[in-house]
Every structure is written in structure tokens, then in C-alpha cells.
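Presented below is the structure to which this report refers.
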Amino acid sequence: MDPVTLTTDRLLLRPVGAQDTDAVYDACQDPGIQRWTTIPSPYLREHAEAFTEQLVPDGWADGSMYTFGVLLLSGELAGMVGITLRALGVGEIGFWAAKEHRSRGYITEAVLTACRWVFVHAAIDRVEWRAEVGNRASRVVAERAGFTIEGTLRAATNNKGVRRDTWIGSLLPSDLGLPSTAPYLPARA
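As C-alpha cells, then:
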């Protein structure tokens, strides 16, 4: 799929590239991002280069991962949102916010924008959110974006060689008033 750019009243969501390597590298020096995400730690410049120059373009090219830099209208990098295909019609969302741009609603806004886009343009019928138990900031973003928290998966995340329990939630097109590509028959209690 060709990369796309999405906009909101406050944000520009676009694939990152070589021009963003320094901003990604700087943001990922934050101990909070290194603690709660599965990025390498320590995070080296070569990691940022591989991300912006290979991983992101390759994901768009083969349709396996749609990654957006979340930029303010000034051009400053506020965070990152990516949706990785996990199974037919199922994507997993991941995100982080640059330390200086947290608690302003930017990532929630970006998550909703990216999810709307994949539901309409990428034949996704379920977006899963996962976060290590205890990552309250990530859970707040997911809940504010409308994800239904479905439970806790034991030992479901390997973060830097340690198995950790993981919260899981989902967002469906119907949660945003959008149609699904396939019929959905919810279980009856």
C-alpha cells in the first residue's frame, strides 16, 4: 500500500522517514518509553535509523504495518502510532508519546484517526491494544479512544527478556459507527 498522510484539526499523521531519525532517537531516550515499550534499551541511533529508514517503509510497502509519526502542525514530533497486521482482518496498535507532549490528548486523537483509517481503507475489522499490566498511561489512551478492555493475558509479552502479564482490549468498526468488512455475530450471554 502506498503511504498515506492523515490530518486532524491539531495533528498531522504521516509515515516517518530519514528526516525524522533525530526526533525519533531523541524521543526514545525517555526511560518511560524504554520501560513500557519493546524498543531496544539502550536505544541507539542505529535503532532509530533502522526504524525510520527500513521498518516503517517496508511495513507500508508490504502492507504488514502502518506506522504514523504524530506531528503537531508546527512539525514537531509528538509521538508515534502503528498498526501491525496480526491475522486476517486483525491489527494490533502500538503507540508512544514524546515526554513533553503527554497529557494533551494528542495520542488518543491519533489512535482514533489511525483506527478509522484502517477500518475504512485496510479491511481491518478488529484492532487490538495490548499493554503490560501497570502501564496506566497506555490504558487511559485506549479507554479514551473507545477500546473495550477484555482482560489480562498471563505472560503474554516478552519485554527485554522478561515475560510479563498483559492487558488486552479491542476496538471494532461498529464502536466508531463504521461498517465491518465481514458480518459479526456477538455471543449471547
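No gaps in the numbering here: position 51 of the sequence shown is 1259 in this note's numbering, and each next residue is one more. We put the CB at the ideal spot given by N, CA and C, even for glycine.
Within the same chain, show all residues whose beta-carbon is closer than 8 angstroms to that of residue i, passing over the 5 residues directly before and after it, in chain order.
i, result
"residue 1256", "1229, 1230, 1232, 1233 and 1236"
"residue 1280", "1218, 1219, 1220, 1286, 1309 and 1314"
"residue 1267", "1273, 1274, 1275, 1290 and 1292"
"residue 1342", "none"
"residue 1372", "1340, 1341, 1363, 1364, 1365 and 1366"
Return the chain-ordered list of same chain residues with a C-beta closer than 6 angstroms to the C-beta of residue i, the five sequence neighbours on each side being excluded.
i, result
"residue 1364", "1374"
"residue 1241", "1304"
"residue 1388", "1333 and 1381"
"residue 1216", "1317 and 1321"
"residue 1213", "1222"
"residue 1294", "1300"
Report the CB separation of residue i from residue j in whole angstroms; it is logged as a contact under 8 angstroms.
i, j, result
"residue 1221", "residue 1264", "About 13 angstroms; that fails the 8 angstroms criterion."
"residue 1287", "residue 1314", "6 angstroms"
"residue 1298", "residue 1243", "Actually they are not in contact, since the Cβ atoms of residue 1298 and residue 1243 sit about 27 angstroms apart, beyond 8 angstroms."
"residue 1399", "residue 1260", "Absent from the model: residue 1399. The displayed extent of the chain is 1209 to 1397, so no value can be given."
"residue 1330", "residue 1392", "Between residue 1392 and residue 1330 the Cβ distance is about 17 angstroms, and since that is not below 8 angstroms, they are no contact."
"residue 1348", "residue 1319", "Not confirmed; about 11 angstroms, so no contact."
"residue 1328", "residue 1386", "7 angstroms"
"residue 1210", "residue 1307", "32 angstroms between Cβ atoms; not a contact."
DSSP has residue i in a bridge; who is on the other side?
i, result
"residue 1276", "1289"
"residue 1357", "1377"
"residue 1334", "1298"
"residue 1303", "1289"
"residue 1284", "For residue 1284, which the question treats as bridged, DSSP gives no partner whatsoever."
"residue 1229", "In DSSP, residue 1229 forms no bridge with anything."
"residue 1339", "1375"
"residue 1222", "1277"
"residue 1365", "1372"
"residue 1214", "1221"
Between which residues of its own chain and residue i is the CB-CB distance below 7 angstroms, once the five residues before and five after are set aside?
i, result
"residue 1358", "1376, 1377 and 1378"
"residue 1368", "1249"
"residue 1344", "none"
"residue 1390", "1297 and 1333"
"residue 1253", "1233"
Review point. Okay, do the region 1300 to 1317 and the region 1336 to 1343 touch, 3+ Cβ pairs below 8 angstroms being the bar?
Key: By the criterion of at least three beta-carbon pairs nearer than 8 angstroms, the region 1300 to 1317 is in contact with the region 1336 to 1343.
Review point. Does the count of Cβ pairs from the region 1343 to 1353 and the region 1313 to 1327 closer than 8 angstroms reach three?
Key: With the rule of 3 Cβ pairs closer than 8 angstroms, the region 1343 to 1353 counts as touching the region 1313 to 1327.
Check your understanding: At what residue ranges does the region 1245 to 1270 contain a whole run of the alpha helix (DSSP H), taking only runs of 4 or more?
Key -> Listed in chain order, the complete alpha helix (DSSP H) runs (minimum 4 residues) inside the region 1245 to 1270 are 1253 to 1258 and 1264 to 1270.
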